[in-house]
């Protein structure tokens with residue numbers, strides 16, 4: 020069996036997050052709701068714990084759309100600093116001007 024790359028793992032996590040987002044949100048709301056009894060809140064926490072770990076949004080890593088690099092990530096552009104520099108130097112990013120002094 021071939022090993023999955025980090026990019027593929029991240030995409031799988033992203034799919035799980037979108038699949039379980041509504042269920043996770045309702046269970047979290049139930050677990051925090053003070054009007055419910057302690058037993059009901061505890062049951063909601065147990066059901067939340069039964070969901071796949073990778074369905075939590077915190078497990079998805081921001082990765083560069085071009086290279087898959089996880090560090091130096093610009094959220095607005097969805098790419099790493101290195102890809103940004105390379106594409107900017109090639110003139111492929113509109114409005115980006117290379118600074119020099």
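In our numbering, the protein residues as written are 20 to 120. Virtual Cβ for every residue (Gly too), placed ideally from N, Cα, C. Predicted model, so just to flag it, every value in this text is computed and none were measured.
Three-state secondary structure assigned by DSSP to residue 56: Working through the chain shown from its first residue, we reach residue 56 at position 37. If DSSP states are grouped into helix, strand and coil, residue 56 belongs with coil.
Straight-line gap, residue 53 to residue 74 (C-alpha atoms, nearest Å): Start at 1 with the first residue of the chain shown, and residue 53 comes out as number 34. Start at 1 with the first residue of the chain shown, and residue 74 comes out as number 55. Rounded to the nearest angstrom, the two C-alpha atoms are 25 Å apart.
According to DSSP, residues forming a beta bridge with residue 92: Within the chain shown, residue 92 is the residue found at index 73, counting from 1. Paired residue(s): 99.
Residue 25 burial status per 10 Å Cβ neighbour count (16 or more: buried): On the chain shown, residue 25 is found 6 positions in, with the first residue counted as 1. Residue 25 should be labelled exposed.
Alpha helix (DSSP H) segment containing residue 36, residue limits: On the chain shown, position 17 is the one that residue 36 refers to. Looking at the DSSP string, the run of the alpha helix (DSSP H) that includes residue 36 is 25 to 51.
For residue 70, three-class secondary structure by DSSP: What you label residue 70 is simply residue 51 of the chain shown in a count that begins at 1. It is coil, neither helix nor strand.
Beta-carbon contacts of residue 106 that lie in its chain and below 6 Å, excluding the five residues immediately before and after: In the chain shown, counting from the first residue as 1, residue 106 sits at position 87. Within the same chain, residue 106 has close Cβ partners 112.
C-beta contact flag for residue 50 and residue 67 at 9 Å: As a first step, residue 50 is located in the chain shown; it is residue number 31 there, counting from the start. As a first step, residue 67 is located in the chain shown; it is residue number 48 there, counting from the start. Yes, the Cβ-Cβ distance between residue 50 and residue 67 is below 9 Å.
As assigned by DSSP and simplified to three states, the class of residue 112: The residue you call residue 112 lines up with position 93 of the chain shown. Here residue 112 sits in coil by DSSP.
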